[in-house]
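Here the structure is laid out as structure tokens; the discussion comes afterwards.
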Amino acid sequence: MKTLFKGVLGLALGVAVTASPAFAQKLTSVDNMKRGDTWELVFGSASATGTYFAGMSALTAMLSEKMPNVRATATISPGSAIEVFPQLQRAERAGGMHVSYDLDLGYKGEGPFTGKEIPVRSWFFAQEAVYNVFVDANSGVTSVYDLKGSGMKIGGPVIPISKDHPERWDNAFAFINALLTAHGIDPFEDVEVLPYNTSQSIEELGNGNIGGLSASRAYGSGAITELSTRRKVRLLQPDPEKAAAVEAAFPAYMQPFDPEIYPMIEIPAPGMAFFHGVYAVLHRDLPDDLAYDLTKTVWENIDVLRQAHPAFKNVSLETALKGVTVPPHPGALRYYLENDVPGAQDWADKLASEG
215 MKTLFKGVLG LALGVAVTAS PAFAQKLTSV DNMKRGDTWE LVFGSASATG TYFAGMSALT
275 AMLSEKMPNV RATATISPGS AIEVFPQLQR AERAGGMHVS YDLDLGYKGE GPFTGKEIPV
335 RSWFFAQEAV YNVFVDANSG VTSVYDLKGS GMKIGGPVIP ISKDHPERWD NAFAFINALL
395 TAHGIDPFED VEVLPYNTSQ SIEELGNGNI GGLSASRAYG SGAITELSTR RKVRLLQPDP
455 EKAAAVEAAF PAYMQPFDPE IYPMIEIPAP GMAFFHGVYA VLHRDLPDDL AYDLTKTVWE
515 NIDVLRQAHP AFKNVSLETA LKGVTVPPHP GALRYYLEND VPGAQDWADK LASEG
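Per my numbering, the very first residue in the sequence shown carries number 215; after that it's consecutive.
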């Protein structure tokens, strides 16, 4: 069996580290992360008030404590993948936590990462998040249709958006575009979408400077709870009949929004929102054995992540590869194969066949 693992993982590693000839730039070596016998691993996240930073902070503290050869830290990354993926290219980050949309585009070298080789590989499914599309409750806007010709200022994308360059849209605007377009709303004419990251959007809506926001957050966000105490806000409602059109344009799925999570936020009927997966990722070029040890240590101490924030309470080894579309790091895959994680053998077979 060990021989089989080595053969399959050798092929998987070959697939994982071979760069497409379409990518021209030379990547910095992860050897720069090593100081003597110690790996100094820095992990990206997202904004300071989000769950990604809380989760990564807990994980890195635990890894530093449990692994003598690792000193890990987490950094605040307000730009999320737009910020962290170039840092992966420069071998300044060992990994991070990102939405499925960004992970797919980075791996494929598409969208804002067109022509770039992002050395990213999946680590594990971390949480389910929701696109919180809130509007000022005094605006008179309840459904997406109400935005037609409203001119409402909406915070969301972390970078300036151009209609002429869709390849540069980040995940935040790509979702807004999919949602509004499916309902016949022009995101460039009917509303004004402003380049505010999640923390800025929450602050600006709380101060009444904008009329709405679209932000990916897991349930139980402290920042959103605080927003609901500062300003009366409403969850903007999509038309359930337009769900298929939104889902065809963006990797998210519609389901009911739990009204008990934020009791001070108004949730009109039908009480729906769009959800998506969030994944922990690793740098593609981290040594196999190191990635294996990181993975083993995480799952042997997973309660640390579960206790970091309610968003991670359901994280489990059983669902580590749930919805994964980007190849797992070979070192992580070896651990998942040894523990019969659903989907692990499928990935091993797929990578072996591509090799």
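Quick reminder that beta carbons are idealized off the backbone N, C-alpha and C, glycines included.
Quick check on residue i: buried or exposed, where buried means 16 or more other Cβ atoms within 10 Å of its Cβ?
{"i": "Ala483", "result": "exposed"}
{"i": "Lys564", "result": "exposed"}
{"i": "Gly571", "result": "Absent from the model: residue 571. The displayed extent of the chain is 215 to 569, so no value can be given."}
{"i": "Thr252", "result": "exposed"}
{"i": "Ile332", "result": "buried"}
{"i": "Pro371", "result": "buried"}
{"i": "Pro556", "result": "exposed"}
{"i": "Ser435", "result": "buried"}
{"i": "Pro282", "result": "exposed"}
{"i": "Asp472", "result": "exposed"}
{"i": "Ser271", "result": "buried"}
{"i": "Asp517", "result": "exposed"}
{"i": "Pro470", "result": "exposed"}
{"i": "Asp554", "result": "exposed"}
{"i": "Met366", "result": "buried"}
{"i": "Gly250", "result": "exposed"}
{"i": "Trp561", "result": "buried"}
{"i": "Pro454", "result": "exposed"}
{"i": "Asp503", "result": "exposed"}
{"i": "Gly264", "result": "buried"}
{"i": "Gly325", "result": "buried"}
{"i": "Leu551", "result": "buried"}
{"i": "Phe402", "result": "exposed"}
Since I believe residue j is in contact with residue i (beta carbons under 8 Å), could you give me their beta-carbon distance rounded to a whole number of angstroms?
{"i": "Ala286", "j": "Thr274", "result": "4 Å"}
{"i": "Thr356", "j": "Arg448", "result": "7 Å"}
{"i": "Ile438", "j": "Ile416", "result": "7 Å"}
{"i": "Tyr266", "j": "Val540", "result": "About 17 Å; that fails the 8 Å criterion."}
{"i": "His497", "j": "Val244", "result": "6 Å"}
{"i": "Gln451", "j": "Val344", "result": "Contact doesn't hold; Cβ gap of about 14 Å is too wide."}
{"i": "Ile373", "j": "Asp384", "result": "6 Å"}
{"i": "Gly269", "j": "Leu519", "result": "6 Å"}
{"i": "Arg445", "j": "Gly485", "result": "Not a contact, Cβ separation roughly 20 Å."}
{"i": "Leu535", "j": "Ala558", "result": "6 Å"}
{"i": "Lys330", "j": "Gln301", "result": "About 12 Å; that fails the 8 Å criterion."}
{"i": "Glu279", "j": "Thr328", "result": "Wrong, their Cβ atoms sit about 40 Å apart, outside the cutoff."}
Determine, using beta carbons only, whether residue i and residue j come nearer to each other than 8 Å.
{"i": "Ser442", "j": "Tyr476", "result": "yes"}
{"i": "Val284", "j": "Ser291", "result": "no"}
{"i": "Phe348", "j": "Leu427", "result": "yes"}
{"i": "Gly545", "j": "Tyr493", "result": "no"}
{"i": "Tyr549", "j": "Thr509", "result": "yes"}
{"i": "Lys362", "j": "Ile399", "result": "yes"}
{"i": "Ala386", "j": "Ser430", "result": "yes"}
{"i": "His490", "j": "Ser314", "result": "yes"}
{"i": "Leu317", "j": "Val495", "result": "yes"}
{"i": "Met247", "j": "Ala288", "result": "no"}
{"i": "Ala463", "j": "Gln341", "result": "no"}
{"i": "Ala351", "j": "Glu480", "result": "yes"}
{"i": "Ser364", "j": "Val405", "result": "yes"}
{"i": "Lys456", "j": "Ala396", "result": "yes"}
{"i": "Leu531", "j": "Trp513", "result": "yes"}
Taking 8 Å as the CB-CB cut-off, is residue i touching chain B?
{"i": "Gly320", "result": "Protein chains in the displayed structure number just one, and chain B is not present."}
*Going along the chain, which unbroken runs of the beta strand (DSSP E) with 3 or more residues stay wholly within the region 242 to 329?*
Segments of the beta strand (DSSP E) lying fully in the region 242 to 329: 252 to 257, 284 to 288, 309 to 313.
_Counting beta carbon pairs with one atom in the region 294 to 313 and one in the region 253 to 261, are three or more of them shorter than 8 Å?_
Here the region 253 to 261 lies against the region 294 to 313, with 3 or more beta-carbon pairs under 8 Å apart.
*Examine the Cβ distances between the region 407 to 423 and the region 334 to 345 and report whether three or more of them are shorter than 8 Å.*
Output reads no: the region 334 to 345 does not touch the region 407 to 423.
*Please determine if the region 364 to 384 and the region 514 to 530 are in contact, where contact requires at least 3 C-beta pairs separated by less than 8 Å.*
No: the two stretches stay apart, fewer than three of their Cβ pairs being nearer than 8 Å.
*Scan the region 330 to 360 and note each continuous beta strand (DSSP E) run of 3 residues or more that stays entirely inside, going in chain order.*
You should have 334 to 350.
*Could you tell me which uninterrupted beta strand (DSSP E) segments, each at least 3 residues in length, are contained entirely in the region 353 to 427, listed from first to last along the chain?*
Counting whole runs of 3 or more residues, the region 353 to 427 contains the beta strand (DSSP E) stretches 367 to 369, 406 to 408.
*Which runs of the beta strand (DSSP E), 3 residues or longer, sit entirely within the region 439 to 500?*
Runs of the beta strand (DSSP E) inside the region 439 to 500: 447 to 449, 467 to 470, 486 to 497.
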